[in-house]
Amino acid sequence: YIERVSRDLSLSRPVKVVLDAGNGAGGPVAARALRAIGAEVDELFCEPDGTYPNHHPDPTIPANLEVLIARVKETGAEAGIALDGDGDRIGAVDATGRIIWGDELLILYAGPILARRPGEAIVFDVKCSNRLAEAVAAMGGRPVMSPTGHSLVRARLVEEKAPLGGELSGHIFFEDGYLGYDDAIFSAARLAHLVSSGDETLAEHMARIPASISTPELRIESTDDDKFEIVQSLRAHFREKYETNEVDGVRIYFERGWGLVRASNTQPVIVCRFEAEDQAALEAYRDEVFARLGEFPSVKLPDA
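FYI, the numbering for the sequence shown is 54 to 357, going by this note's numbering.
Structure (structure tokens):
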């Protein structure tokens, strides 16, 4: 496995990374794979321990990245890499401590791929930022939005014959140079290789990605009996007022941002996310959507 992962990814210059495996399954192999391509690896919590004594291995929760960020700053590493418990989701931070979310990782990964394979599709889920679609189009690619769910993104990747796909949650799928499944160890090696291939540091790469104001994934309690009907009602309401995308729930395109409302496939929860050009617009869009959600008795909105 390490030979396959490292086969085409030898680093062009030294890259120092901190690897936080969260005591999940991927730590020992990930550290070896990164060293095999030439990275200098500082290990954090790379010993598997299913009691997770240090933090839960979920790289989408900022609190779980605090130790990683501190170690990156302390050691002067160029990147911090976090794995989830079973090694299929990746999180990352740059030298400044900025968290690199799954949609931002896709922007980074897509650049070199589209330079070699212009016009091809990049697949991403409905929770991803508008910045991703805009960046893919600007780089000569074809942005393709998919319903959330790693199996659904994978199926769309195959359908579109896309070289790359992924989710905000950190599932990344490389058909380009790999086997098309969500392997966070390969994604980590690919990130180190990308950074080593030019003169820019990871932080300099990230500085070129336009900033936006966004919420994390907001999980609003409802019931399994009601959640899909509620989302369908919001679809009908907002499509009368705004442009919408209904590939998974409803993604509402406001004048200066967007909001997403979708029913969780596995829990009695309605998932929302918002992004806007500034905080005031973000709050206005959130309040408009929450006002509509609040009309349904089974919905438990978060406290303001």
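Ideal Cβ placement from N, Cα and C applies to all residues, glycine included.
- Give the secondary structure of A145 by DSSP, where H, G and I count as helix, E and B as strand, and everything else as coil. On the sequence shown, residue 145 is found 92 positions in, with the first residue counted as 1. It is a strand residue.
- Hey, how far is the Cα of M198 from the Cα of I143? Translated into the one-based positions of the sequence shown, residue 198 becomes position 145. Translated into the one-based positions of the sequence shown, residue 143 becomes position 90. When rounded, the distance between both Cα atoms is 20 Å.
- Do you know offhand how far F239's Cα is from R292's? What you label residue 239 is simply residue 186 of the sequence shown in a count that begins at 1. What you label residue 292 is simply residue 239 of the sequence shown in a count that begins at 1. One C-alpha to the other measures close to 40 Å.
- Item | Unbroken stretches of the beta strand (DSSP E), 3 residues or longer, contained in the region 187-220 | If we require 3 residues or more, the beta strand (DSSP E) runs fully inside the region 187-220 come out as 195-199 and 217-219.
- Item | Helix, strand or coil at V248 [DSSP, three-state] | For the purposes of this step, residue 248 is taken as the residue at position 195 of the sequence shown. Residue state, collapsed to three classes: helix.
- Just the Cα atoms here: how many angstroms apart are S204 and I153? Here residue 204 is taken as the residue at index 151 of the sequence shown, counted from 1. Here residue 153 is taken as the residue at index 100 of the sequence shown, counted from 1. Taking C-alpha positions only, S204 is separated from I153 by approximately 23 Å.
- Return yes when the Cβ of L136 is within less than 8 Å of the Cβ of P112, no when it is not. In the sequence shown, counting from the first residue as 1, residue 112 sits at position 59. In the sequence shown, counting from the first residue as 1, residue 136 sits at position 83. In this structure, L136 lies closer than 8 Å to P112 by Cβ.
- Message: On the DSSP letters alone, give me the boundaries of the alpha helix (DSSP H) that I160 sits inside.
- Response: Residue mapping note: residue 160 aligns to position 107 of the sequence shown, counting from 1. Residues G155 to R169.
- Item | Coil, strand or helix - S267 by DSSP | As a working mapping, residue 267 is identified with position 214 in the sequence shown. S267: strand per DSSP, three-state reduction.
- Hey, how far is the Cα of A260 from the Cα of D147? Indexing the sequence shown from 1 puts residue 260 at position 207. Indexing the sequence shown from 1 puts residue 147 at position 94. Roughly 10 Å separates the two Cα atoms.
- Message: Whole angstroms are fine: how far does the CA of R85 sit from the CA of G193?
- Response: For the purposes of this step, residue 193 is taken as the residue at position 140 of the sequence shown. For the purposes of this step, residue 85 is taken as the residue at position 32 of the sequence shown. Their Cα atoms are separated by approximately 35 Å.
- Item | Exposure of P355, with buried meaning 16 or more beta-carbon neighbours within 10 Å | Sequence index remark: in the sequence shown, residue 355 carries index 302 (1-based). It counts as exposed.
- What is the rounded straight-line gap between the Cα of L121 and the Cα of R66? In the sequence shown, counting from the first residue as 1, residue 121 sits at position 68. In the sequence shown, counting from the first residue as 1, residue 66 sits at position 13. When rounded, the distance between both Cα atoms is 23 Å.
- Three-state class that DSSP yields for T128 in the structure shown: Taking the first residue of the sequence shown as position 1, residue 128 is located at position 75. DSSP places T128 in helix when its eight states are reduced to three.
- Proximity below 8 Å, CB of V71 to CB of T128: Stepping through the sequence shown from its first residue, residue 71 is reached at position 18. Stepping through the sequence shown from its first residue, residue 128 is reached at position 75. Contact: yes.
- Message: Taking 6 Å as the limit between beta carbons, can you name the residues of its chain near P110, skipping five residues before and five after?
- Response: Along the sequence shown, read from residue 1 onward, the residue named residue 110 stands at position 57. Excluding positions up to five away in sequence, the list reads G75, G77, D137 and G138.
- Apart from the five residues on each side of it in sequence, which residues of its chain come closer than 8 Å, Cβ to Cβ, to R207? As a first step, residue 207 is located in the sequence shown; it is residue number 154 there, counting from the start. G218, F226, G233, Y234 and D235.
- Message: With a threshold of 8 Å on Cβ separation, who are the neighbours of D102 within its own chain once the five nearest residues in sequence on each side are excluded?
- Response: For the purposes of this step, residue 102 is taken as the residue at position 49 of the sequence shown. Cβ neighbours of D102 beyond the five flanking positions: N76.
- Start-end ranges of the alpha helix (DSSP H) lying completely within the region 55-95, minimum 4 residues: Here the runs fully enclosed are 55-59 and 80-89.
- Residue range of the unbroken beta strand (DSSP E) whose run includes D178: Position 125 of the sequence shown, counting from 1, holds the residue named residue 178. A174 to D178 is the extent of the beta strand (DSSP E) around D178.
- Leaving out five residues on either side along the sequence, give the residues of the same chain with a beta carbon under 6 Å from the beta carbon of G302. The residue you call residue 302 lines up with position 249 of the sequence shown. Closer than 6 Å at the Cβ level, and outside the excluded window around G302, lie V284, V314 and R315.
- Does the beta-carbon distance from A237 to D95 come in below 8 Å? Within the sequence shown, the letter at position 184 stands for residue 237. Within the sequence shown, the letter at position 42 stands for residue 95. Contact: no.
- Message: Beta-carbon within less than 8 Å of H224's beta-carbon, same chain only, minus the 5 sequence neighbours each way: which residues are those?
- Response: The residue labelled residue 224 in the question sits at position 171 within the sequence shown. Excluding positions up to five away in sequence, the list reads D141, R142, G155, H203, V206 and D235.
- Message: With the cut-off set at 8 Å, would you say I166 and D229 are in Cβ contact?
- Response: Residue 166 sits at position 113 when you count from the first residue of the sequence shown. Residue 229 sits at position 176 when you count from the first residue of the sequence shown. Cβ distance < 8 Å, so I166 and D229 count as in contact.
- Item | Whole-angstrom distance between A168 and E270, CA atom to CA atom | Translated into the one-based positions of the sequence shown, residue 270 becomes position 217. Translated into the one-based positions of the sequence shown, residue 168 becomes position 115. Answer to the nearest angstrom: the Cα atoms are 32 Å apart.
- Message: Beta-carbon within less than 7 Å of S222's beta-carbon, same chain only, minus the 5 sequence neighbours each way: which residues are those?
- Response: Within the sequence shown, the letter at position 169 stands for residue 222. Result list for S222: T113, R142 and G155, in chain order.
- Message: Quick check: the Cα distance between A215 and A163, rounded to an integer number of angstroms?
- Response: Stepping through the sequence shown from its first residue, residue 215 is reached at position 162. Stepping through the sequence shown from its first residue, residue 163 is reached at position 110. If I take the Cα positions, the gap works out to 11 Å.
- For the beta strand (DSSP E) that R304 lies in, which residues bound it at each end? Numbered from its first residue, the sequence shown carries residue 304 at position 251. Residues V303 to F307.
- Task: Answer yes or no: do R326 and K180 have a C-beta to C-beta separation smaller than 8 Å?
- Result: Position 273 of the sequence shown holds residue 326. Position 127 of the sequence shown holds residue 180. Cβ distance < 8 Å, so R326 and K180 count as in contact.
- Give a yes or no on whether the C-beta atoms belonging to E328 and S267 are separated by under 8 Å. To locate residue 328, count along the sequence shown from 1; it is residue 275. To locate residue 267, count along the sequence shown from 1; it is residue 214. Their beta carbons are under 8 Å apart, which means E328 touches S267 by this criterion.
- State the DSSP-derived secondary structure class of E119, mapped to helix, strand or coil. Residue mapping note: residue 119 aligns to position 66 of the sequence shown, counting from 1. It is helical.
- Task: List the whole-angstrom C-beta distance separating A132 from V68, where the pair is believed to meet the contact cut-off of C-beta under 8 Å.
- Result: Looking up residue 132 in the sequence shown gives position 79. Looking up residue 68 in the sequence shown gives position 15. Right, the Cβ-Cβ distance comes to about 7 Å (below 8 Å), so this counts as a contact.
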